[in-house]
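A.B. asks:
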Amino acid sequence: MKEVNIIPDDAKSAESLNQLEQEIKFLSQFKHENIVQYYGSDTIEDRFYIYLEYVHPGSINKYVKQHYGAITESVVRNFTRHILRGLAFLHGQKIMHRDIKGANLLVDINGVVKLADFGMAKHLSTAAPNLSLKGTPYWMAPEMVQATLAKDVGYDLAVDIWSLGCTIIEMFDGKPPWSDLEGVCCNV
Numbered sequence: 647m648k649e650v651n652i653i654p655d656d657a658k659s660a661e662s663l664n665q666l667e668q669e670i671k672f673l674s675q676f677k678h679e680n681i682v683q684y685y686g687s688d689t690i691e692d693r694f695y696i697y698l699e700y701v702h703p704g705s706i707n708k709y710v711k712q713h714y715g716a717i718t719e720s721v722v723r724n725f726t727r728h729i730l731r732g733l734a735f736l737h738g739q740k741i742m743h744r745d746i747k748g749a750n751l752l753v754d755i756n757g758v759v760k761l762a763d764f765g766m767a768k769h770l771s772t773a774a775p776n777l778s779l780k781g782t783p784y785w786m787a788p789e790m791v792q793a794t795l796a797k798d799v800g801y802d803l804a805v806d807i808w809s810l811g812c813t814i815i816e817m818f819d820g821k822p823p824w825s826d827l828e829g830v831c832c833n834v
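Each residue of the sequence shown is one higher than the one before, starting from 647 at the first, in this note's numbering.
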């Protein structure tokens, strides 16, 4: 379950609500083994709730932290296979996830990985009007940054594949590539 406080006339609250509504828009259309399932949403008083499939024990990020040093190539290969199946489904629908990273990939007790957090997702035909430099820089494809700064739609589904590559590095190293760098580029 996700929860957002609804604060009238608050830009941050409005943005969070907008991202959840976007997530609902996409998730309500999807039925796939490697995509977290949407069950519904509700507004109660000043809170908005989105009900999603519970995936235990949690994110790949959490899994890597708990097993750092013991995560094997076969586990990474299995996780990657599941992620690719989920991405193939999304890309077949012309949907870019745009925020693939360990924290947004949930793994269940059987090792099945499910894509989650569709707040940044875009349909290829609607990517242009909403270009903004949002996301997680360590996993962000260079063409996505360049296109956003140039106010141009110069990226496509391949940005998710770049992010997957960064996630594979994260699974092996326990941290994303370039995580030792600091500065403006790392605080988008």
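Just so it is clear, CB atoms sit at the ideal spot from N, CA and C, and this is done for glycine as well.
Would residue 702 be called buried (16 or more neighbouring beta carbons within 10 Å of its own) or exposed?
C.D. replies: exposed
A.B. asks: Apart from the five residues just before and just after residue 693, which ones in its own chain have a Cβ nearer than 8 Å to its Cβ?
C.D. replies: 649, 650, 651 and 652
A.B. asks: Classify residue 795 as helix, strand or coil using the three-state DSSP reduction.
C.D. replies: helix
A.B. asks: Residue 813 by DSSP, collapsed to three states: which one?
C.D. replies: If DSSP states are grouped into helix, strand and coil, residue 813 belongs with the helices.
A.B. asks: Taking the alpha helix (DSSP H) that residue 720 belongs to, which residues open and close that run?
C.D. replies: 719-738
A.B. asks: Apart from the five residues on each side of it in sequence, which residues of its chain come closer than 6 Å, Cβ to Cβ, to residue 737?
C.D. replies: Taken in chain order, the residues that qualify are 803.
A.B. asks: Relative to the C-alpha of residue 665, which candidate in 810, 767 and 706 has its C-alpha closest?
C.D. replies: Checking every option, the nearest Cα to that of residue 665 belongs to 767.
A.B. asks: Please check the pair residue 707 and residue 762, which I expect to be a contact at CB under 8 Å, by giving their CB distance rounded to whole angstroms.
C.D. replies: That pair is no contact at about 11 Å.
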